Amino acid sequence: MQIHSNVYVGIKPSPRQQRMLSQGAASRAAKGDTAVEPTETSIESLSESCDYVLLAITNSRYQERVHKYVERYVHRADPFEELLVPEPHLQDLLISPFSSADTASEAATAIGTTPPPKANTPANIGLLASWVDLESSDLIKREMSMQVLLNECKLAKNIGVTQVILAPPRDISNLKLYAQMVARLLTCELFNSEDSQMVLSVSLPMYEDSDALATWDLWNTLRRLCDYHQALMVSLAFPRTKVPNHVVVRWLAEPVSCLLLSSSIFVTNQYDYPVLHKFNQALIQRFQQVNGNAQIKSNALVIIMHGIEKYRDIVQGGELAYLEYINFLLKRNDKQALSSGSHRIFQNPQLMVPLTPHSDDLSNEVYSVFERDATKYELYGKAIRAALMDLASMQGRKVLEPLTVLVAGAGRGPLVTQVFNAARELKMGSHVRILALEKNPQAFLYLQKLNSDQWNSSVTLLQEDMRKWRADGEKVDLCVSELLGSFGCNELSPECLWNIESHHSKPHTIFIPQSYTSYVAPVTSPLLFQKLSLESRRAPGNGSTHYLEQPWVMHCLPHSVMSTRVNELWTFAHPSLPKGNPHDVFNRSVTTEFKLKHRGEVHGLAGYFTAHLYAEYTLSTLPVNTYVEGPTGLSERRGPTPGLHSWSPFVMPLREPLVVTDDTEVSVMCSRQMDPQRVWYEWAVESYVYLEVSVPREDKQGEADTREREQEREDTAHSTGTDHTRRREFTSVIAAESTGILPGVENGWQSVHDVHGQGELKSAPQEPLPELDMHVRVNTGVSTLHNCDGVHFNIPL
1 MQIHSNVYVG
11 IKPSPRQQRM
21 LSQGAASRAA
31 KGDTAVEPTE
41 TSIESLSESC
51 DYVLLAITNS
61 RYQERVHKYV
71 ERYVHRADPF
81 EELLVPEPHL
91 QDLLISPFSS
101 ADTASEAATA
111 IGTTPPPKAN
121 TPANIGLLAS
131 WVDLESSDLI
141 KREMSMQVLL
151 NECKLAKNIG
161 VTQVILAPPR
171 DISNLKLYAQ
181 MVARLLTCEL
191 FNSEDSQMVL
201 SVSLPMYEDS
211 DALATWDLWN
221 TLRRLCDYHQ
231 ALMVSLAFPR
241 TKVPNHVVVR
251 WLAEPVSCLL
261 LSSSIFVTNQ
271 YDYPVLHKFN
281 QALIQRFQQV
291 NGNAQIKSNA
301 LVIIMHGIEK
311 YRDIVQGGEL
321 AYLEYINFLL
331 KRNDKQALSS
341 GSHRIFQNPQ
351 LMVPLTPHSD
361 DLSNEVYSVF
371 ERDATKYELY
381 GKAIRAALMD
391 LASMQGRKVL
401 EPLTVLVAGA
411 GRGPLVTQVF
421 NAARELKMGS
431 HVRILALEKN
441 PQAFLYLQKL
451 NSDQWNSSVT
461 LLQEDMRKWR
471 ADGEKVDLCV
481 SELLGSFGCN
491 ELSPECLWNI
501 ESHHSKPHTI
511 FIPQSYTSYV
521 APVTSPLLFQ
531 KLSLESRRAP
541 GNGSTHYLEQ
551 PWVMHCLPHS
561 VMSTRVNELW
571 TFAHPSLPKG
581 NPHDVFNRSV
591 TTEFKLKHRG
601 EVHGLAGYFT
611 AHLYAEYTLS
621 TLPVNTYVEG
631 PTGLSERRGP
641 TPGLHSWSPF
651 VMPLREPLVV
661 TDDTEVSVMC
671 SRQMDPQRVW
681 YEWAVESYVY
691 LEVSVPREDK
701 QGEADTRERE
711 QEREDTAHST
721 GTDHTRRREF
731 TSVIAAESTG
741 ILPGVENGWQ
751 SVHDVHGQGE
761 LKSAPQEPLP
771 ELDMHVRVNT
781 GVSTLHNCDG
791 VHFNIPL
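Every letter in the sequence shown is one number past the one before it in full-length UniProt numbering, and letter 286, counting from 1, is 286.
The structure is reproduced here in structure tokens:
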């Protein structure tokens with residue numbers, strides 16, 4: 001099988017190599033400057049082993065020109081003069097304004113050789129000027145910096161460079177000023193035209209020891225201030241130490257365009273060749289599995305090595321050894337992906353509208369994709385055999401009548417084949433009557449052909465809609481269907497099987513699947529939000545939220561579950577005839593809560609399902625190594641069915657990302673609603689944090705004091721003959737005093753004692769109790785109720 005990897009290798013040449021490259025091979029040859037240092041690898045040799053070369057766009061000469069212009073501008077002190085930073089001249093460039101192929105051709109002409117083929121010429125990535133100061137408090141410096149970057153971006157685009165890398169802010173406290181300039185830069189046409197592939201990538205370290213998510217916080221703030229611009233990406237510098245898993249998972253879902261590998265993070269093996277630590281090898285593999293699919297405007301991930309000239313005298317193989325090693329890792333990981341069956345990672349990310357096979361006829365292409373899932377049909381076949389054996393044992397030795405097996409929604413016949421083969425293997429062929437029910441006329445043609453070619457014309461074919469099928473007296477012993485969607489019930493399996501349960505089942509009828517359960521978890525997926533926001537802006541009316549208020553299926557779309565668990569929502573079982581109100585059998589409404597250990601943004605709710613086919617045979621689309629919490633609160637570790645690939649995660653997006661802090665609790669409401677015409681889902685999310693506050697224990701101490709004083713006064717009343725009724729009349733006054741409602745007013749019983757001349761009321765001295773620590777649940781965010789009443793999305797019955 002051929003795979004399409006979007007992961008490439010690049011280098012940043014040494015300063016000397018870049019100067020040589022910018023001069024042009026022809027001019028160097030003419031000057032006789034073609035020699036390299038004894039241990040230095042030529043840039044041409046390095047270029048043959050990589051796909052990209054990272055080059056600065058302008059040199060120090062341009063920096064000097066700009067500074068002189070700005071000095072003159074400031075000196076003129078004319079508030080009405082517009083600042084117009086000059087564009088770079090040819091002498092100001094470090095990146096060649098001519099194509100790499102032209103440069104190679106010049107070199108070949110100068111030294112009398114044949115130019116290399118264009119396919120072997122690496123592309124360029126532009127490195128924007130690092131001397132600019134986008135976050136300066138000086139307005140003129142900020143404006144100058146923005147114009148310098150704009151000039152470099154224009155030049156880069158004109159010479160065919162589609163990606164430029166920007167240095168991070170120097171002063172984090174002025175991040176908003178930095179973001180303001182970046183946002184202005186991104187509003188330019190070269191980043192927004194329909195045919196533009198230009199992207200701007202900000203370089204950042206992957207994480208900091210002091211706060212693992214600090215650099216992600218910086219990135220997320222910048223991204224939000226720039227309104228999730230589709231051309232804004234990030235380049236991550238690999239660390240020398242192991243990165244915490246939650247940080248890796250977070251970055252895997254972000255639009256990472258480049259991985260920056262310094263030669264300083266390499267170590268030497270026993271043969272003195274440069275290699276990476278095991279944890280960094282695994283990190284590359286995990287990013288390789290994403291395959292650049294977290295980007296909306298590009299899908300290329302470039303691993304750029306820099307500083308490799310520093311250790312060329314120490315490592316075996318010199319500078320080329322680094323490139324050869326990275327290329328070796330990428331090829332090895334590709335082979336592992338193919339051998340493990342995880343080739344889906346090389347597919348393009350898609351957001352798809354959930355299928356509605358009950359109302360729409362699926363195409364042959366869709367049927368073909370689903371029929372390639374060997375794992376699913378193998379498990380169905382085992383469940384069918386187990387069910388037939390149990391049904392046969394129910395009848396005992398005396399055979400009364402054949403077992404009737406109905407395949408509801410037979411499609412192009414894979415389940416019918418499983419039933420036919422199971423009956424034959426169990427030697428029950430003459431004792432099993434098979435009915436195949438299918439409404440799609442195109443699929444029905446396939447059933448007719450298979451019945452003639454493979455099933456010995458033994459299957460009764462019925463071209464009917466299972467929801468309307470009526471056959472007087474027809475009762476089935478076994479009903480097999482595959483009406484499961486990515487959320488379990490979203491392809492209306494409960495509604496579709498209702499007719500069969502009501503009119504064509506026996507008391508002992510077995511349904512496969514017997515039940516299916518839906519699960520949900522909050523996820524972060526910037527690409528999900530970007531794609532749907534972009535579609536919403538393109539929609540008529542320019543501002544429609546329709547796309548952000550309907551469920552989707554995420555196929556190969558990078559995302560990460562933010563909660564520590566995936567929670568169970570609801571279960572549908574067959575037979576499902578209710579004992580109570582039949583109108584409630586299809587409706588569900590559940591509120592469930594999650595704990596989010598790490599801060600981030602919730603972009604939606606991912607949906608999964610498990611299905612109990614029969615006996616011990618189940619299907620699961622749950623994420624790998626997931627802790628699942630059921631209605632009882634008990635948790636267990638579960639995962640997906642190995643080899644299963646018919647379903648991708650269901651997702652219910654949020655109209656606006658929900659920002660959460662560390663140790664946040666998220667409450668999710670999910671509802672499945674049905675009326676006689678349609679079915680739809682509604683969802684909403686709230687976030688909470690628990691704060692520990694100290695409160696005075698006046699109330700509880702006051703209550704104790706009141707009870708103690710009442711006992712004292714009761715004893716006093718008995719001894720002095722005081723009327724108990726009068727004592728009770730003062731109870732409210734006592735309570736008011738004890739809670740501080742009447743400050744400055746004497747104790748009620750003290751007043752009584754004064755009237756009777758009994759002097760001051762004596763009571764035991766009270767020691768103040770310490771303050772009480774309480775946990776207060778504080779609401780920190782709430783979403784809108786999405787898809788209310790099915791306005792934006794519903795599934796017609």
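Virtual Cβ for every residue (Gly too), placed ideally from N, Cα, C. Source: prediction; values computed, not measured.
Item                                                                                                                                                                       : Value
Going by the CB atoms, is the gap between Pro357 and Gly409 shorter than 8 Å?                                                                                              : yes
Helix, strand or coil for Thr784 per DSSP?                                                                                                                                 : coil
Considering just the uninterrupted stretch of the beta strand (DSSP E) at Arg637, what are its terminal residues?                                                          : Ser635 to Arg638
Helix, strand or coil: which one does DSSP assign to Gly411?                                                                                                               : coil
Could you tell me the distance, in whole angstroms, from the CA atom of Leu128 to the CA atom of Thr564?                                                                   : 40 Å
For Leu596 and Asn348, I'd like the C-alpha separation in whole angstroms.                                                                                                 : 29 Å
Quick check: what's the CA-CA separation for Gln530 versus Leu478?                                                                                                         : 46 Å
Within the same chain, show all residues whose beta-carbon is closer than 8 Å to that of Phe444, passing over the 5 residues directly before and after it, in chain order. : Glu438, Leu461 and Gln463
Once the 5 residues before and after residue 798 are set aside, which same chain residues still bring their CB inside 7 Å of it?                                           : No answer is possible for residue 798: it lies beyond the span of the chain, which begins at 1 and ends at 797.
Compute the Euclidean distance between the alpha carbons of Glu64 and Leu186, then round it to the nearest angstrom.                                                       : 26 Å
Under the three-state reduction of DSSP, which class applies to Gly790: helix, strand or coil?                                                                             : helix
From the DSSP output, in three-state form, read off Trp455 for me.                                                                                                         : coil
Quick check on DSSP: helix, strand or coil for Met554?                                                                                                                     : strand
Measuring alpha carbon to alpha carbon, tell me which residue in Pro169, Met20 and Ile140 is nearest Glu71.                                                                : Ile140
What are the complete alpha helix (DSSP H) segments, minimum 4 residues, inside the region 185-260?                                                                        : 189-192, 214-225 and 245-252
Please confirm whether Leu55 and Asn158 have their CB atoms less than 8 Å apart.                                                                                           : no
Using DSSP's beta-bridge definition, name the partner residues of Lys595.                                                                                                  : Glu665
By the DSSP assignment, the beta strand (DSSP E) with Tyr471 in it spans what residues?                                                                                    : Note that residue 471 is Ala in the sequence shown here, rather than Tyr. Neither: Ala471 is in no beta strand (DSSP E) and is coded neither H nor E.
Around the C-beta of Gln677, are 16 or more other C-beta atoms found within 10 angstroms, so that it is buried, or is it exposed?                                          : exposed
Taking the straight line between their C-alpha atoms, what separation do you get for Val693 and Val782?                                                                    : 23 Å
On a Cα-Cα basis, can you pick out the residue from Leu177, Thr162 and Pro122 that is closest to Asp138?                                                                   : Leu177
Return helix, strand or coil for Ile11, following the three-state DSSP convention.                                                                                         : strand
Can you tell me whether Gln316 is buried or exposed? The criterion is at least 16 other CB atoms within 10 Å of its CB, across all chains shown.                           : exposed
Roughly how many angstroms separate the alpha carbons of Val249 and Ser393, rounded to a whole number?                                                                     : 51 Å
For Ser452, is the classification buried or exposed, using 16 other Cβ atoms within 10 angstroms of its Cβ as the cut-off for buried?                                      : exposed
Using a threshold of 8 Å, state whether the C-beta atoms of Arg433 and Leu403 are closer than that.                                                                        : yes
Could you check what DSSP says for Ala374 in three-state terms: helix, strand or coil?                                                                                     : helix
Within 8 Å, do at least three Cβ pairs link the region 544-553 to the region 625-638?                                                                                      : no
Which partner residues does Arg655 have in the DSSP bridge list?                                                                                                           : According to DSSP, Arg655 bridges with nothing at all.
Among the residues of its own chain, which have a CB less than 7 Å from the CB of Pro796, if the five just before and after it don't count?                                : Ser359, Gln677 and Arg678
I need the boundaries of the beta strand (DSSP E) containing Pro494, first residue and last residue.                                                                       : No beta strand (DSSP E) holds Pro494; the alpha helix (DSSP H) holding it covers Ser493 to His503.
In three-state DSSP terms, what is Thr58?                                                                                                                                  : strand
Let me confirm a value: Met146 is counted as buried when at least 16 other C-beta atoms fall within 10 Å, else exposed. Which label applies?                               : buried
Relative to the alpha-carbon of Glu568, which residue among Tyr614, Ser671 and Thr221 has its alpha-carbon at the smallest distance?                                       : Ser671
Once you ignore the five residues that flank Pro239 on each side, which residues in its own chain have a CB closer than 6 Å to its CB?                                     : Met206
Alpha carbon to alpha carbon, how far is Asn587 from Gly10? Give it in angstroms, no decimals.                                                                             : 55 Å
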